[in-house]
Amino acid sequence: MEKILNYINGEWIEPQVAEYVDVLNPATGLVIARTPLSGLSDVEAVAKAGAEAFPAWRRTPAQERVQYLFKLRDLLKANLDEIARTITNECGKTFDEAKAEMVRAIENVEVACGIPMMMKGEISEDIAPGIDEMMLRQPVGVCATIAPFNFPGMIPFWYLPYALACGNPYVIKPSEKVPMTMQLIFKLIEQVGFPKGVINMVNGSKAAVDGILDHPAIRGITFVGSSNVAKYIYRRSAENGKRVQAQGGAKNPVVVLPDADMEMAVKIIADSAFGCAGQRCLAVSWAVTVGEARNEFNEAI
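Quick look at the structure:
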């Protein structure tokens with residue numbers, strides 16, 4: 021059984037906790053790991069590590085920061101199959117789906133390598149007599165991702181590489197249901213050699229989340245998950261003066277018209293509803309048939 025640890029200030033740390041959550045292989049029902057439910061002291065440690073790393077990291081030229089991302093991209097590609105197997109074991113999607121997930125993660129790292137060009141500012145001369153206007157893009161400080169269980173490899177990479185490239189230290193709180201994927205990725209991150217405190221990981225559940233939302237050193241929050249939790253995170257983060265983007269769930273209808281190619285429609289709808297173990301946030305959750313399409317669709321599905 022794999023031992024799940026936190027990664028703080030460049031070191032693997034065992035949380036001093038008494039509570040754990042079992043991690044199950046959905047295919048077998050067997051316990052394959054146990055997630056420690058980190059508390060406020062662990063959140064304090066990751067926030068402190070990030071805050072102390074921020075001054076030097078923000079002063080590191082963007083061209084130098086993205087060199088770490090180039091190394092990470094190469095390591096992710098070299099270990100793609102192993103990461104995909106880990107996703108399959110703890111999340112339940114097929115191996116090919118897991119590989120496709122990580123390809124998207126790698127693509128985000130590649131895009132973030134272009135940050136030196138995207139961070140350029142702007143200047144306008146003589147917007148008024150004797151006045152020029154300048155706009156600079158600057159890092160805000162420690163940022164954090166509260167990640168969901170359905171795409172444990174991809175979704176953190178919607179944010180992590182961009183924040184790092186822009187000069188922000190980062191904290192990841194993986195879903196307690198699927199911690200093994202991010203633990204494997206952090207072993208690769210360790211090989212990259214980021215400066216201590218620039219990227220940290222804390223495992224846990226609601227107590228860890230609340231600690232992240234409330235800590236004054238953490239300035240930005242990203243979240244993907246259910247709408248109820250997204251509203252909670254948005255409200256609590258905003259009350260604490262943080263920048264926050266909280267992406268909730270959605271109901272995704274598909275409309276089937278009478279002249280539809282029913283064989284194709286049924287295949288596409290079934291793939292959307294049940295692919296990736298049925299856990300896509302954009303999966304079709306209900307189908308609307310129009311007129312005569314109803315009977316033909318019901319028979320075909």
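No gaps in the numbering here: position 173 of the sequence shown is 193 in our numbering, and each next residue is one more.
C-beta atoms are modelled at their ideal positions from N, C-alpha and C, and glycine is treated no differently.
Within 10 Å of its beta-carbon, does F171 have 16 or more other beta-carbons around it, so buried, or fewer, so exposed?
It counts as buried.
Do the region 237-249 and the region 66-76 meet, that is, are 3 or more Cβ pairs less than 8 Å apart?
yes
Buried or exposed, going by whether 16 or more other CB atoms sit within 10 Å of the CB of E121?
The residue in question, E121, is buried, as its Cβ has 16 or more Cβ neighbours within 10 Å.
Indicate whether V129 and R93 have their beta-carbon atoms separated by less than 7 Å.
Yes. Within cutoff.
Can you say whether S325 is buried or exposed, counting buried as having 16 or more other CB atoms within 10 angstroms of its CB?
Residue numbering for the chain in the displayed model covers 21 to 321; residue 325 lies beyond these limits and cannot be assessed.
Quick one: grab the DSSP three-state call for G240.
strand
Buried or exposed: D281, going by 16 or more other Cβ atoms within 10 Å of its Cβ?
exposed
To the nearest angstrom, report how far apart N223 and D62 are at their CA atoms.
9 Å
Buried or exposed for P194, going by 16 or more other Cβ atoms inside 10 Å?
Buried is the call here.
For K140, tell me which candidate among R255, S257, A185 and I175 has the shortest Cα-Cα distance.
A185
If we ignore side chains and look at the alpha-carbon of each, how far apart do R124 and W178 end up?
9 Å
With DSSP as the reference, label V212 as helix, strand or coil.
Per DSSP, reduced to three states, the secondary structure at V212 is helical.
Sort out for me which residues DSSP pairs V51 with in a bridge.
L44
Whether or not the region 145-155 and the region 86-100 are in contact is what I'm after, with contact meaning three or more pairs of Cβ atoms, one per stretch, closer than 8 Å; do they touch?
Touching, no, given that fewer than three Cβ pairs across the two stretches are closer than 8 Å.
Go through the region 246-305 residue by residue and report every complete run of the beta strand (DSSP E) that reaches 3 residues or more, in order.
263-267 and 272-276
Residues in its own chain within less than 8 Å of A290 by CB, not counting five upstream and five downstream?
Here the set comprises I321.
Taking the alpha carbon of P159 as the reference point, which residue from V218, P199 and G112 has its own alpha carbon closest?
V218
Evaluate the contact criterion for the region 195-210 versus the region 102-116: three or more CB pairs, one atom per stretch, below 8 Å.
Contact holds: three or more Cβ-Cβ distances are below 8 Å.
Measuring alpha carbon to alpha carbon, tell me which of A53, T309, G59 and A76 ends up nearest A38.
G59
Go ahead and pull the three-state DSSP assignment for M138.
helix
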